[in-house]
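Encoded as structure tokens, the structure appears first; notes follow it.
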Amino acid sequence: MPTNAELFVRAQRVIPGGVNSPVRAFRAVGGTPRFITRAEGAYLWDAEGRRYIDYIGSWGPMILGHGHPAVLEAVRKAAADGFSFGAPTEREVELAEAIIALVPGVEQLRLVSSGTEAGMSALRLARGVTGRSKIVKFEGCYHGHADALLVKAGSGLATFGHPTSAGVPPEVVQHTLVLEYNNLAQVEEVFATQGREIACVMIEPIAGNMNFVRAAVPFMKRLRELCTAHGALLVFDEVMTGFRVALGGAHGVYAKALPGFRPDLWVFGKVIGGGMPLAAFGGPREMMSQLAPLGPVYQAGTLSGNPVATACGLATLREISRPGYFEALAARTKALVEGLTAAARRAGVPFVGDSEGGMFGFFFPRSASEGLPQNYGAVMATDKERFNRFFHAMLERGVYLAPALYEAGFVSSAHGEADIAATLQAAGEALRA
Ligand SMILES: *Cc1c(COP(=O)(O)O)cnc(C)c1O
Numbered sequence: 006m007p008t009n010a011e012l013f014v015r016a017q018r019v020i021p022g023g024v025n026s027p028v029r030a031f032r033a034v035g036g037t038p039r040f041i042t043r044a045e046g047a048y049l050w051d052a053e054g055r056r057y058i059d060y061i062g063s064w065g066p067m068i069l070g071h072g073h074p075a076v077l078e079a080v081r082k083a084a085a086d087g088f089s090f091g092a093p094t095e096r097e098v099e100l101a102e103a104i105i106a107l108v109p110g111v112e113q114l115r116l117v118s119s120g121t122e123a124g125m126s127a128l129r130l131a132r133g134v135t136g137r138s139k140i141v142k143f144e145g146c147y148h149g150h151a152d153a154l155l156v157k158a159g160s161g162l163a164t165f166g167h168p169t170s171a172g173v174p175p176e177v178v179q180h181t182l183v184l185e186y187n188n189l190a191q192v193e194e195v196f197a198t199q200g201r202e203i204a205c206v207m208i209e210p211i212a213g214n215m216n217f218v219r220a221a222v223p224f225m226k227r228l229r230e231l232c233t234a235h236g237a238l239l240v241f242d243e244v245m246t247g248f249r250v251a252l253g254g255a256h257g258v259y260a261k262a263l264p265g266f267r268p269d270l271w272v273f274g275k276v277i278g279g280g281m282p283l284a285a286f287g288g289p290r291e292m293m294s295q296l297a298p299l300g301p302v303y304q305a306g307t308l309s310g311n312p313v314a315t316a317c318g319l320a321t322l323r324e325i326s327r328p329g330y331f332e333a334l335a336a337r338t339k340a341l342v343e344g345l346t347a348a349a350r351r352a353g354v355p356f357v358g359d360s361e362g363g364m365f366g367f368f369f370p371r372s373a374s375e376g377l378p379q380n381y382g383a384v385m386a387t388d389k390e391r392f393n394r395f396f397h398a399m400l401e402r403g404v405y406l407a408p409a410l411y412e413a414g415f416v417s418s419a420h421g422e423a424d425i426a427a428t429l430q431a432a433g434e435a436l437r438a
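Okay, so the sequence shown: first residue is 6 according to this note's numbering, each after it adds one.
As structure tokens, then:
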């Protein structure tokens, strides 16, 4: 049986960095990535036969845990009927109907295969609908790796961003404005000076790609007002938060605080595929009908609405729609964060954490007086060495956390009380490591 280290050496010969998505390489924390052979419920097993309690859940999709019997059965059945047809199926319609029923405001939906594809397509649609070019995004929010979205802030607010990746020409990001998350003054200024040129503002309403950072309610409220006043679309990237922080996603969370609140377009992924490649974007019929074949905005995909993926997504949505599901998941996640906070207090380690539904985050601030970070800069200023030590100490104790301090964590409904207790026991030791 090859070890993780042997597999990593072999992988690096044929795959750049040995991985098919960079964060898996453990570059942020150092060490050898675990090669996973199998998963069940709340657990992963690596190539060396070691078991881990999984708090990544494939970065969000595995909300039911791994290998949920009803989902497995749906996938088996669908696979037996055919992997892909390149023609419409009833199941795609069912999935669209299921999502629409859960998210008020979404009237039509197009299914795609990845969050990147969904975000990129929503952006094109927003530009097509408004006839404008400029887009606003926030530092620390990830919307997939489309060229126009791989941007960091320029030197001044009025200037355009710089590509964060080689291979992205400056001209391609010249219409992308990057602002600080939760910074209302910057948003006000950009709208005051360029409001009529902005096609859309794209945001992770609860950001999960700079650990876990909520957009403040007053910030979201004003963002909505400014978009409406200037004819710009507010695009909610709910690839991570959708069907994860609540059944209605982050939109549901903000609509509780702001009655009647809704974005203009939504981007979904992760949970809606239940672990299969599936994502979507949607909104009001009037906007969605601008897409081909009805309208002038082109968008297509060979495997879009794949019959096996849609079966997996549908079965997953059915399970998480059961009464009481999210209450139980949220309570378990909250118990984890509260337990970690208590363990850190006992160990005398500065620590702050937060959660919503089945998504959580925690930070090691550099001083005990600091609260939850509100933007990317504040997240990256937290104690990286402490996080890395904690990550490895937990991994050694059979708890698999995200291998970077800027990633969120995920609890599934397969995580039992005993798993949380074992995690807290490990944390008590790891915090002293
Ligand atoms: C994961 C993620 C994406 C990209 O989805 P992929 O399926 O990895 O392309 C986009 N937006 C957010 C908020 C995400 O978390």
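Each residue gets a CB set at the ideal place from its N, CA and C atoms; glycine is no exception.
Chain D contact for residue i (CB, 8 Å cutoff)
| i | result |
| --- | --- |
| Arg267 | In summary, chain D is missing from the structure at hand, where a single protein chain is found. |
Residues bridged to residue i (per DSSP)
| i | result |
| --- | --- |
| Tyr208 | One detail in the question is off: residue 208 reads as Ile in this sequence, not Tyr. DSSP, once it has assigned bridges, lists Phe241 as partnering Ile208. |
| Thr181 | Ile140 |
| Ser360 | Phe365 |
| Arg59 | Sequence check: residue 59 is Asp here, not Arg. Paired residue(s): Tyr405. |
| His71 | Gly46 |
| Pro168 | Val156 |
| Arg115 | Phe286 |
| Val302 | Leu296 |
| Ile41 | Asp51 |
| Val272 | Asp242, Phe286 |
| Gly279 | Met281 |
| Ile425 | Paired residues: none, contrary to the question. |
| Gly414 | Phe365 |
| Ile203 | Lys139 |
Cβ neighbours of residue i in the same chain (closer than 6 Å, five flanking residues each side left out)
| i | result |
| --- | --- |
| Asn311 | Ser89 |
| Tyr147 | Asn214 |
| Arg43 | Trp50 |
| Ala335 | Gly362 |
| Ala320 | Ala75, Val76, Ala79 |
| Phe31 | Pro38, Pro408 |
| Glu209 | Cys146, Asp242 |
| Met281 | Ala314, Cys317 |
| Leu263 | Lys226 |
Supposed contact pair residue j and residue i - C-beta distance, whole angstroms, cut 8 Å
| i | j | result |
| --- | --- | --- |
| His150 | Arg201 | That pair is no contact at about 29 Å. |
| Val206 | Leu154 | With a Cβ gap of about 13 Å, Val206 and Leu154 do not count as contacting. |
| Ala426 | Met399 | Going by Cβ atoms, the distance from Ala426 to Met399 rounds to 14 Å, so no, they are not a contact pair. |
| Leu406 | Tyr60 | 5 Å |
| Ser326 | Lys339 | That pair is no contact at about 21 Å. |
| Ala123 | Gly274 | 6 Å |
| Leu283 | Ser126 | 14 Å between Cβ atoms; not a contact. |
| Gly46 | His71 | 6 Å |
| Ser138 | His180 | 4 Å |
Sequence-distant residues of its chain with Cβ nearer than 7 Å to residue i (five each side left out)
| i | result |
| --- | --- |
| Val108 | Gly253, Gly254, His256, Trp271 |
| Thr346 | Phe356, Gly358 |
| Lys389 | Leu410 |
| Val276 | Gly65, Pro66, Ile68, Gly247, Phe248, Arg249, Thr321 |
| Ser170 | Leu155 |
| Gly376 | Val357 |
| Tyr303 | Ala297 |
| Cys232 | Val206, Leu238, Leu239 |
Residue i beta carbon near ligand 2 (any heavy atom closer than 7 Å)
| i | result |
| --- | --- |
| Tyr147 | No copy of ligand 2 occurs in the structure displayed; its ligands are ligand 1 alone. |
8 Å Cβ shell around residue i - same chain, five flanking residues per side excluded
| i | result |
| --- | --- |
| Pro223 | Leu189 |
| Leu12 | Phe40, Ala52 |
| Gln113 | Ala101, Ile105, Gly287, Gly288, Pro289, Arg290, Met293, Ser294 |
request  = Enumerate, from N- to C-terminal direction, the unbroken alpha helix (DSSP H) stretches of 4 or more residues contained entirely within the region 213-258.
outcome  = 222-235
inquiry  = To test your reading of the DSSP string, which unbroken alpha helix (DSSP H) runs of 4 or more residues are found completely within the region 309-341?
reply    = 312-325
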